[in-house]
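These notes concern the structure reproduced below.
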Amino acid sequence: MFGEDFDFKAVPPALDADEVRTVADVNGQAPELCILLYQRYGCRIDFVSLDRKGRPKAPDDAAVQGWLARLEQAGVDRDAIRVADTARRPGSYDVILALNGFGARHKIQNFKPLLDRALHPLSRLVIEIRKGSGSYPFLKAYGSCNTLLPPETGRNGLAILSAEPQEVLPPSGEWSRVARQLAGKEGFFDALEEHSFLFMPRGKTLVVTFDNLDIAMTKRDDRRPWGYGFIEAQGWSMLGVMANGWTWFRHPEVTRKFEALRDSGFFTQFSRVVFYGASMGGYAAAAYAAAAPGSTVFAISPQSTLDKTLVPWEMRYKKVWDRDFSGPFGDAAQASQAAGEVHIMFDPYVAPDAAHAARFTGANVRLWRCPLLGHRLGSSLQQMGILQEIARDAIAGGLTAHQFHRLLRKRHSFPRFQRELANLALDRGHPRLAQRVCDYILRQRDDRFFRRLKARL
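Note that my numbering has the sequence shown beginning at 93, numbered continuously upward.
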């Protein structure tokens, strides 16, 4: 039995999704979550019917009618609700809801057929987990689990799976040839076991970048290091460190490479060295900056470490908990104290990100708060058209608080910020404030999400 006192309102923010367009509710067991996701994202919702073996089956009419009635009573538009056709293979979904079923009452292994065809690299799975069911080892093949409610004896738990491809291939021979061409005669490309290093010399400023999760997992063909086009346009030299999966760059080969670069005097040939990355790459940027004392760090939504003895509250990225985060580059909050300047950008409403940011306590740290833009802050800033200007000035050493806040004001017209602001007002019990947000948006444009939200209010 799932915990009846659990607050489902904690689930949508924990998805960390910029957009949710499609939701699958397996056997209609999660109407409350469907309603919350619809209210937050205005998404399409499918009733997906499966038997205990994970095979498509004709849905029970009474169950469907009860599910439909519950959603419609809560204000979900009928044209946003669909019963999936069991005769056809369902496509992929942004969010799959699996309560009171696989991993709770049925064998988790029987969920494999749906997951294999319905997950895409940025999907989320919200699943009920029974203690001892074997769900975590099974789900590890699909991605990383964030446990919202740990399973206990007599009470099931709840977890969110962030999907990733099941097979991660190393750089192909074709990519190696392309990379060596990019490096030219003066640069280098080193393909290691789980990582590769691509150095392209251009000028006296060196920017060392690290893949984030999305790049590591979704860009396999003709890939480029994080920030490649932007850095090339500035005429800066670049050392791109690329990962072949969710590694957090915690492999002895990465440590050895940075130590070798440090000891050879590689970094001293540049007048300015900057370490730059987001999320997983943000962690690495802050951690490996210790190889170039006095360098600058520009990290977006970074983790400080995933060492559970130091951050027991970090429940995301369970897949890499067995990585070794010890050593001189292990704790980014400590290692980055050797840098000259450390810029940490984060959303204070993403609790784990705020907690990681709070661990960066060195005198060289500047914390840049970006409210209600989510963990994928870099993507939000890019969509707002301000990431490059912020990054350019941070890398060049001229980012000021006045300039940053002037640019960040553009979030007021950014749809994600607007939705999150209205939802925050509702979550905190201020419906009148949410209505004012709706009125403000609808004066500017006709927006179905805010029109429907206002009608519900």
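For glycine and all other residues, C-beta sits at the position ideal for the given N, C-alpha and C. Quick caveat, the model's predicted, so the values are computed rather than measured.
Run the CB neighbour count on M309, radius 10 Å, all protein chains shown included, and call it buried at 16 or more, exposed below. Below a pLDDT of 50, predicted positions are generally treated as unreliable, and M309, at 49, falls in that range; the measurement from the model is reported next regardless. Per the 10 Å Cβ criterion, buried.
For S329, write down the residues that DSSP places opposite it in a beta bridge. DSSP output for S329 lists L298 as bridge partner(s).
Given that a residue counts as buried once 16 or more other Cβ atoms are within 10 Å of its Cβ, and exposed if not, what is P444? That one is buried.
Cutting at 6 Å between CB atoms, please list the residues of its own chain near S236, excluding the five before and the five after it. Cβ-Cβ distances below 6 Å link S236 to S254, Y409, K410 and K411 in the same chain, with the five nearest sequence neighbours on each side left out; the list follows chain order.
So, does the stretch 269 to 282 touch the stretch 239 to 246, judging by three or more C-beta pairs under 8 Å? Taking 8 Å as the limit for Cβ pairs, the verdict is that the stretch 239 to 246 does not touch the stretch 269 to 282.
Take D556 as the anchor and find which of S215, L163, A176 and E164 has the nearest alpha-carbon. The displayed coordinates of the chain run from 93 to 549. Any statement about residue 556 would go beyond what the structure contains.
Name the DSSP beta bridge partners of S236, please? Beta-bridge analysis with DSSP links S236 to S254.
Would you call the stretch 100 to 108 and the stretch 385 to 402 in contact, with 3 or more CB pairs under 8 Å? By the Cβ test, the stretch 100 to 108 is not in contact with the stretch 385 to 402, since fewer than three Cβ pairs between them sit closer than 8 Å.
Alpha-carbon to alpha-carbon, E345 and E351: For E351 and E345, the gap between their C-alpha atoms comes out near 10 Å.
N- and C-terminal bounds of the alpha helix (DSSP H) containing G470: Looking at the DSSP string, the run of the alpha helix (DSSP H) that includes G470 is L469 to M476.
Can you find the residues in the same chain that come closer than 6 Å, C-beta to C-beta, to L518, ignoring five residues on each side of it along the sequence? Around L518, the same chain offers A526 as residues with beta carbons nearer than 6 Å, after the five sequence neighbours per side are excluded.
Name, in chain order, the residues that DSSP records as bridge partners for C288. With the sequence shown as reference, residue 288 is identified as Ser, and Cys is not the correct amino acid for it. S288 is bridged by DSSP to A283 and M334.
Note down, in chain order, each residue of its chain lying with its Cβ closer than 6 Å to the Cβ of Q131, except the 5 sequence neighbours on either side. Cβ within range, chain order: n/a, list empty.
Uninterrupted beta strand (DSSP E) stretches inside the stretch 126 to 169 (no shorter than 3 residues): The qualifying runs are 136 to 140.
Across the stretch 410 to 424 and the stretch 473 to 492, are there enough close Cβ pairs to call them in contact, namely three or more that are closer than 8 Å? Segments in contact, no.
Helix, strand or coil for E220? Go by DSSP, reduced to three states. Three-state result, E220: strand.
To the nearest angstrom, how far is the alpha carbon of A449 from that of D169? Spanning the two alpha carbons is a distance of roughly 40 Å.
Inspect the beta-carbon positions of L39 and P104 and report whether they are closer than 7 Å. No statement about residue 39 is possible, as the shown extent of the chain runs from 93 to 549 and does not include it.
Whose CA, out of S387, G183 and P394, lies closest to the CA of W340? Shortest Cα-Cα distance from W340 to any of S387, G183 and P394 involves P394.
Can you round the beta-carbon distance between A391 and G369 to whole angstroms, since I take them to be within the 8 Å contact cut? Confirmed, Cβ separation roughly 6 Å.
With a CB to CB cut of under 6 Å and the five nearest residues on each side skipped, what residues in its chain are close to L491? Excluding the 5 residues flanking it on each side, L491 has same chain C-beta neighbours closer than 6 Å at D485, in chain order.
Apart from the five residues on each side of it in sequence, which residues of its chain come closer than 8 Å, Cβ to Cβ, to A446? Excluding sequence neighbours, A446 sits near F438, D439 and P440.
Between the CA atoms of S505 and E406 - distance to the nearest angstrom: Whole-angstrom Cα-Cα distance: 32 Å.
Candidates G337, R269, L250 and S363: closest to G295 by CA position: Ranking the options by Cα distance to G295, first place goes to S363.
Where H497 falls: helix, strand or coil (DSSP): In the structure shown, H497 falls within a helical segment according to DSSP collapsed to helix, strand and coil.
Helix, strand or coil, according to DSSP, for D369 in the structure here? First, the residue type needs correcting, since residue 369 is Gly and not Asp in the sequence shown. Residue state, collapsed to three classes: strand.
For a test of the three-state rule: what should DSSP assign to F358, helix, strand or coil? Secondary structure of F358 (DSSP, three-state): coil.
I need the DSSP call for G521, collapsed to helix, strand or coil. Of the three classes helix, strand and coil, the one that applies to G521 here is coil, per DSSP.
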